[in-house]
Amino acid sequence: MKVGFVGLGVMGRPMAGHLLAAGHELAVWARRPASAAPLEEAGARVCATPAELAACCEVVISVVTASADVEQLALAPEGLLAGFAPGAVHVDMSTIAPDTARRVAARYAEKGVGWLDAPVSGGEIGARDATLAIMAGGEAAVLERVRPLLSCLGRTIVHIGPAGAGQVAKACNQMIMVNAIQACAEAMRLAGAHCVDLHKVREALMGGSAASRVLDVMGGRMAARDFVPGIQSRLHHKDFAILMEEARQLGAPLPVAAQTWHQLNALMALGAGRDDTASLLRVLEPVSTTGG
Amino acid sequence: MKVGFIGLGIMGRPMALNLLKGGFDLTVWARRAESMAPLLEAGAKGAASAAAVAASCDVVFSMVADAADVAQVALAAGGVAEGARAGLIYVDMSTIAPSAAQSIAARLAERGVVMLDAPVSGGEVGAISGGLTIMVGGDEAAFETVRPLFACMGKAATLIGASGAGQVAKACNQILTGVGVLAVAEAFNFARKSGVDAGKVREALLGGFAYSRILENHGQRMLDRNFKPGFKAWMHQKDMNIVMQEAHRLGLMLPSSAATAQLFNAMVGSGMGEDDSVAALKLLESLSGE
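Respectively, the protein sequence lines represent chains L and S.
Be aware that the first sequence starts at 2, since it is given in the numbering used here, and climbs by one per residue.
Be aware that the second sequence starts at 1252, since it is given in the numbering used here, and climbs by one per residue.
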């Protein structure tokens, strides 16, 4: 299949590599040409604009940062929509607002272009090992057309519902995971305040009913005070702004998530936005005040 | 009427002195003898135990730290119940859990002692000036008997309801002041971080619907960065803990109180326990990158 790829960061680069390795004909576009260089060497064609990329591909996959990035990529004058032929598909695997996904999907539909929001869970490791969990929103027929591509990237591919539904599932994923990280941080802080060995607590709890992947991975990082990302906390902070805004619009109360959100705010204020989210532990530790 | 007073700390001492000034025959006891000295100098009689105070009095007040202290004063060996004549009125003015006040009152009733819970608001300043607000739970006739004594210590004493009701009112007071202090601190932190003069914000808001005594008084102290107590953060933490325990017991959802209680925990854990509650502003600033 002729596949385009946009967004060659820590997630996108290995994902694009898997598509090449599977024998797909790959073209890429990158805001900074330097990020396209490794793939160009590996045989990918480099396009000058998103529109040019769209014009030469049946399917374009994107993994970028924010809602505005996706909107710009899709709908700007030299954007994907300007180049897509009817019947082409854009699979956006970024984590963005469900609303943005629905809006872009509607604009595409007017021109006969297909859309999937297909955010992922599994992080850098999942991208590298092609074991991502993929949550898809959009028409089932469109998903079936691109399933061979998604199968190169992830292990589980679930069709959640219409456009935006993938992003709803991703928001739920982020809320559960970061709330769990916060719970883990609070447990580690409690153990630390008692001067109890955090490694031992984690080890014991991993054998019981509180065992979880978050306790395993993030608890380990907290015990070791290893805050090297992993996933940068600023990205979780961004995700929480999205889901809290959605909750407000829907009138859905998320009291625990609201607290977690503000712990993330405090983490940003600490200047830890590029540290791993395990550093939520730091927000719970005694603050030093400059007095008066 | 012969009056006893047990617990002569920051609050109890000036309250007992105001009873003396009101012309009442006062007998006092405190765990530490040196706490009794200022009262003895002012003309009060000293007793050897809480039981001895109760034996010689018609009404006995206590002002101690927590529910365990009240139980000790009221029910332990050498306590009020041991010395009391039938019909003694025991008025506890400490801040404790409503459920604790009710259970101590029930135990005392078996011994013929009528207990009122009568916690106060107004702090050390109110205790010294006789300007406390007194919230009372218990028997109405006992309340009427004690009313002239309350008048020496406070400007307003209100019978809220049955035993424990005074402590419920006090818990409500602490919810409002705790959440309120944090609301002012959050608003000021928000203003300053947005590059706006918090003093101007306070001034403008005092004329509107957000007016409150906390915005006026606590807000001014925040602007002055005057964190001297006042009402110490650790005491507010203790009071919010009472609120949280009652919420647990009653199955109550109190999300703002819960968040507030955690912020008081953070203040105490960060060494601000001896500061006034308005030091919450310092905590929020620290957690906002300053």
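Backbone N, C-alpha and C fix where the C-beta goes; we use that ideal spot for every residue, glycine too.
Excluding the 5 residues flanking it on each side, L:I161 has same chain C-beta neighbours closer than 8 Å at M136, A137, G138, G167, V169, A170, in chain order.
Within the region 1513 to 1526 of chain S, contact with chain L at the beta-carbon level (separation under 8 Å) is assigned to A1517, G1520, S1521, G1522, M1523. Between S:L1291 and S:A1267 the beta-carbon gap is near 11 Å, outside 8 Å, which marks them as no contact. Residue contact check for S:G1450 against chain L: no CB pair falls below 8 Å.
Going by C-alpha positions, L:I62 is about 6 Å away from L:G5. Classified as exposed, L:C196 has fewer than 16 neighbouring CB atoms from the shown chains inside 10 Å of its CB. According to the DSSP secondary-structure assignment, L:L27 is paired through a beta bridge with L:V4. Shown here for L:L151: same chain residues with a beta carbon closer than 6 Å to its own, the five before and five after excluded, namely I135, I158 in chain order. In this structure, S:G1522 places its C-beta atom within 8 Å of the C-beta atom of L:P287.
Secondary structure in the region 105 to 176 of chain L: the alpha helix (DSSP H) runs of 4 residues or longer, each lying completely within the stretch, are 124 to 130, 141 to 152 in chain order. Contacts with chain S (Cβ-Cβ distance below 7 Å) from the region 217 to 229 of chain L involve no residue at all. By the neighbour-count definition (other C-beta atoms within 10 Å, threshold 16), S:V1304 is a buried residue. A Cβ-Cβ contact shorter than 8 Å links S:I1257 with S:A1281.
Here S:S1307 carries a coil assignment [DSSP, helix/strand/coil]. At a cut-off of 8 Å between beta-carbon atoms, S:S1445 makes no contact with chain L.
Shortest Cα-Cα distance from L:P230 to any of L:T278, L:M12, L:G193 involves L:T278. Burial is judged here by how many other beta carbons sit within 10 angstroms of a residue's own beta carbon; L:Q183 has at least 16 and is buried.
Taking every protein chain shown into account, the CB of L:E59 has 16 or more other CB atoms within 10 angstroms, so this residue is buried.
Between S:S1354 and S:L1474, the alpha-carbon positions lie close to 43 Å from each other. Residue pairing by DSSP leaves L:T50 without any beta bridge partner. CA-CA distance, S:G1329 to S:T1278, rounds to 16 Å. Shown in chain order are the members of the region 266 to 284 of chain L whose Cβ falls below 9 Å from a Cβ of chain S: N266, A267, M269, A270, L271, G272, V284. Residue environment for L:A35: exposed (fewer than 16 other C-beta atoms within 10 angstroms of its C-beta). Using beta-carbon distances, L:P163 does not count as an interface residue toward chain S, since no partner is under 8 Å. Residue-level contact by beta carbon holds for S:L1534 and chain L, with a gap shorter than 8 Å. Against chain S, the beta carbon of L:V179 has no neighbour under 7 Å; the closest one sits roughly 18 Å away.
Comparing C-alpha distances from L:V11 to each of L:D227, L:I232, L:P254, L:T261 shows the shortest one belongs to L:I232.
If you look at L:D70, you'll find it in the alpha helix (DSSP H) that goes 68 to 76. Considering only beta carbons, no part of the region 1262 to 1274 of chain S lies closer than 9 Å to chain L. Within a 10 Å sphere around the beta-carbon of L:H200 sit fewer than 16 other beta-carbons, which makes this residue exposed. Rounded to whole angstroms, the separation of the alpha carbons of S:S1307 and S:A1299 is 12 Å. Taking CB atoms only, L:P256 has a neighbour in chain S less than 8 Å away. Counting of Cβ neighbours within 10 angstroms places S:T1346 among the buried residues, the total reaching 16 or more.
No residue range can be given for S:K1479, since it is assigned to no beta strand (DSSP E) and is classified by DSSP as neither H nor E.
Using a CB distance below 8 Å, the part of the region 1491 to 1506 of chain S facing chain L consists of P1506, ordered along the chain. Taking CB atoms only, S:S1528 has no neighbour in chain L less than 8 Å away.
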